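Residue numbers (the working numbering): 17 to 525. We put the CB at the ideal spot given by N, CA and C, even for glycine. Keep in mind it's a predicted model, so treat the numbers as computed, not measured.
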């Protein structure tokens with residue numbers, strides 16, 4: 017098993033060759049990344065397994081082998097972008113492995129390229145580090161650390177919520193939590209609505225059973241007492257915790273554990289290191305006797321919140337659809353008045369009836385038909401002889417020159433033949449007549465009224481469903497952070513009051 021690294025290294029250990037260290041068996045569970053003179057030698061934990069959620073919502077790294085019967089704790093880091101969550105993960109790894117300030121090396125949890133990428137860029141996916149207990153661990157239990165992307169924009173926040181729901185629901189995720197660590201930077205000038213939104217969004221993901229598991233990590237701390245602004249932010253983020261006098265917080269400077277020391281800043285760095293170590297010690301000590309908190313209620317809260325948001329969006333879609341149909345109905349009703357006026361003034365009476373050619377099948381081939389005009393020239397015709405060399409045509413439709421006297425184009429005999437069908441003109445009502453248009457419009461109006469009524473019923477049903485979601489979140493979420501259905505509709509739809517009156521008081525939660 018890996019022994020405390022501090023037992024094997026002295027201040028000059030960065031100059032030892034990797035080969036010599038390997039011979040002594042000192043690198044069984046760590047992987048050396050670089051060894052640059054004058055800087056810390058940096059090593060990363062050897063992560064034996066890696067799991068990526070099939071939908072890409074979270075990834076999981078595993079260090080060491082699991083031990084049955086050994087206690088395990090799970091913590092989650094949550095906060096805005098740039099608050100230093102990922103840096104805290106690396107600080108925790110160094111603490112757990114017993115790395116001291118005096119040691120000339122530092123530990124990373126992943127390879128150096130990924131570390132520097134995460135430090136300089138934003139974490140985009142929820143990452144789980146499952147650190148199984150080793151003999152050299154400072155803490156007496158295994159530890160799972162959940163590092164989450166930073167909250168910032170509403171659209172991205174929804175993505176993070178989806179990631180955390182997947183993590184809580186997956187067999188490869190986590191089923192319990194021992195601490196929800198909200199990371200706050202001790203550098204905020206003022207408490208903005210954006211800050212409130214971020215931390216309301218964070219706490220809104222959990223059920224009330226998580227209340228006692230909330231704590232705060234104050235980053236970029238100067239070592240002095242935390243500012244009143246940060247205290248206000250903590251109280252705003254967790255009013256219920258504040259009421260119970262259960263606000264717990266730990267201060268860190270966010271000095272990177274593997275940063276190169278600058279001689280002039282060494283005293284400050286050492287002070288920040290030792291203060292961070294002290295606070296980490298207090299934090300991990302508090303976890304030792306904590307009881308696991310099942311995440312079932314929080315999963316329900318996340319699902320209910322997601323469903324509530326889906327229903328609200330669907331309500332808006334149905335309202336817009338209803339408005340569209342009401343606009344179409346108004347147009348059809350105006351058109352109906354116009355057609356009725358035309359009928360009453362007989363403006364279209366000359367066009368009430370028109371002729372239409374229809375094809376009628378016959379039992380015999382006795383219809384003298386022009387194939388060019390699609391016209392029956394003589395029926396019944398029993399004496400036609402289709403031979404232009406015969407001067408005497410028995411059919412009276414053919415003149416002495418061999419042209420038809422009946423078909424519209426007076427085509428020659430070669431275009432004619434006896435067929436077993438005939439063409440006939442029928443009188444039909446003009447489709448563009450006032451009466452016809454009135455009939456069509458009345459039918460369209462009837463269908464639109466049915467559609468509008470059906471849509472209103474859908475909206476009523478959706479509102480009733482949204483009430484149940486809203487009431488559940490109000491009673492079960494640590495911080496409901498949701499507006500009522502009526503408020504949501506009024507916020508997103510203009511001139512909606514009359515419509516709401518039409519569908520009744522259903523929108524009131």
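For residue i, which three-state DSSP category applies?
i           : result
residue 513 : helix
residue 60  : strand
residue 312 : helix
residue 341 : helix
residue 359 : helix
residue 9   : Nothing about residue 9 can be reported from this structure: the residues present for the chain run from 17 to 525 only.
residue 507 : helix
residue 105 : helix
residue 267 : strand
residue 393 : strand
residue 146 : strand
residue 229 : helix
residue 442 : strand
residue 326 : helix
residue 183 : helix
residue 408 : Below a pLDDT of 50, predicted positions are generally treated as unreliable, and residue 408, at 42, falls in that range; the measurement from the model is reported next regardless. Coil.
residue 372 : strand
residue 379 : coil
residue 115 : coil
residue 398 : coil
residue 234 : strand
residue 66  : strand
residue 423 : coil
residue 555 : Because the chain in this structure spans residues 17 to 525, residue 555 falls outside the shown range and cannot be described.
residue 218 : helix
residue 528 : Because the chain is modelled from 17 through 525, residue 528 falls outside the range shown and cannot be assessed.
residue 190 : coil
residue 161 : strand
residue 416 : coil
Give the range of the alpha helix (DSSP H) segment to which residue i is assigned.
i           : result
residue 299 : 282-304
residue 474 : 450-492
Suppose the cutoff is 8 angstroms on Cβ atoms and the five residues either side in sequence are ignored; what does the same chain contact list for residue i look like?
i           : result
residue 352 : 454, 457, 458, 461
residue 20  : Residue placement at residue 20 is poorly supported in this model, since its pLDDT is 38, which falls under 50; the coordinates are not used for a value here.
residue 66  : 75, 76, 77, 78
residue 184 : 190, 191, 311, 314, 315, 318
residue 379 : 436
residue 188 : 67, 69, 76
Go through its chain and collect everything with a Cβ distance to residue i's Cβ below 7 angstroms, but skip five positions before and after it.
i           : result
residue 229 : 193, 194, 195, 196, 309
residue 344 : 464
residue 375 : 437, 439
residue 508 : 332
residue 96  : 166, 167, 168, 214
residue 359 : 450, 451, 454
residue 519 : 472, 475, 476
residue 286 : 117
residue 293 : 111
Within the continuous beta strand (DSSP E) that includes residue i, where are the two ends?
i           : result
residue 195 : 195-201
residue 606 : The question about residue 606 has no answer here: the residues shown for the chain are numbered 17 through 525.
residue 71  : Unbroken run through residue 71: none, as it is neither H nor E.
residue 433 : 432-435
residue 157 : Run containing residue 157: none; DSSP gives neither H nor E here.
residue 498 : It is not in any beta strand (DSSP E) - residue 498 carries neither H nor E in the DSSP assignment.
residue 124 : 121-124
residue 384 : 383-386
Under the assumption that residue i contacts residue j (Cβ atoms under 8 angstroms), give the Cβ distance between them as a whole number of angstroms.
i           : j           : result
residue 497 : residue 220 : 4 angstroms
residue 295 : residue 267 : 6 angstroms
residue 384 : residue 411 : 6 angstroms
residue 145 : residue 161 : 5 angstroms
residue 327 : residue 443 : Not a contact, Cβ separation roughly 56 angstroms.
Whose C-beta lies closer than 6 angstroms to the C-beta of residue i among residues of the same chain, with five residues either side of it excluded?
i           : result
residue 387 : 431
residue 334 : 471, 474, 475
residue 467 : 341
residue 179 : 73, 74, 142
residue 265 : 232, 234
residue 63  : 77, 79
If you measure from the beta carbon of residue i to each beta carbon in chain D, is any gap under 8 angstroms?
i           : result
residue 231 : Of the protein chains in the structure, only one exists, and it is not chain D.
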